[in-house]
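Beneath this line is the structure, given in structure tokens, with notes to follow.
Numbering (this note's numbering), first residue to last: 9 to 196.
Structure, rendered in structure tokens:
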């Protein structure tokens, strides 16, 4: 079986499980494959969004089920309680903003998704915000792969710099959100 016939036969079946593991890279690669005629774009987008949400749910579940082991580790390391009640309140109040920042910067997404589970955010709210963030993100990455897939050399050379900049932007946004929340709470 040639690689072309393999992609035509099984390409759609591989999108969902691969996008659960690594959504952004698979979204761009799927866009490129779609531009070459190996995968239909409508089915590909649906599978990419579903796979990304399944991955988000896995991180949420890790946070939700891992509170006791994570707090036990922090006690062994001599750290105080992981989240003070005030900090938990701030995180819950600004969960939508933080989920959007985590999804769109990708660099801190894992931390934000696990923390959402640890804070026990309501699952419907978590899923809705992640769906609203995933659709444009997956669409942009898919379009990037579709239209720029033949020019990947430039992007490969600058991938580390781009990831670092997104990470810095994500941390800065979360810090600003939390700082604003503390200032609002501190007002008389």
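Heads up, the beta-carbon is just placed ideally off N, CA and C, and yes, glycines get one too.
The model shown is predicted, which means the values in this text are computed figures rather than measured ones.
Review point. Buried or exposed: which applies to residue 50, given that a residue is buried once 16 or more other Cβ atoms fall within 10 Å of its Cβ?
Key: By one-based count along the chain shown, residue 50 stands at place 42. Flag for residue 50 reads exposed.
**Item:** Collapsed DSSP secondary structure at residue 24 in the structure displayed
**Value:** Within the chain shown, residue 24 is the residue found at index 16, counting from 1. Looking at residue 24 - three-state DSSP - the assignment turns out to be helix.
| So, using beta-carbon positions, are residue 39 and residue 150 closer together than 7 Å? | Here residue 39 is taken as the residue at index 31 of the chain shown, counted from 1. Here residue 150 is taken as the residue at index 142 of the chain shown, counted from 1. Yes, they are a contact pair.
Assuming contact is defined by CB atoms lying nearer than 7 Å, are residue 55 and residue 24 in contact in what I supplied? Stepping through the chain shown from its first residue, residue 55 is reached at position 47. Stepping through the chain shown from its first residue, residue 24 is reached at position 16. Closer than 7 Å, so yes.
query = Between residue 58 and the rest of its own chain, which residues show a CB-CB distance below 7 Å, the 5 nearest in sequence each way excluded?
reply = By one-based count along the chain shown, residue 58 stands at place 50. Contacts found: 24.
Practice problem: Would you identify the three-state DSSP class for residue 117, choosing helix, strand or coil? | Solution: To locate residue 117, count along the chain shown from 1; it is residue 109. If DSSP states are grouped into helix, strand and coil, residue 117 belongs with the helices.
* Decide if residue 200 is buried, meaning its Cβ has at least 16 other Cβ atoms within 10 Å, or exposed. => For residue 200 there is no data in the structure shown, the boundaries of the chain being 9 and 196.
Cα-Cα separation, residue 28 to residue 136: Walking along the chain shown from the start, residue 28 turns up at place 20. Walking along the chain shown from the start, residue 136 turns up at place 128. Going from the Cα of residue 28 to the Cα of residue 136 covers about 18 Å.
Own chain residues within Cβ distance below 8 Å of residue 20, not counting five before or after: One-based indexing of the chain shown puts residue 20 at position 12. Within the same chain, residue 20 has close Cβ partners 47, 48, 51, 52 and 55.
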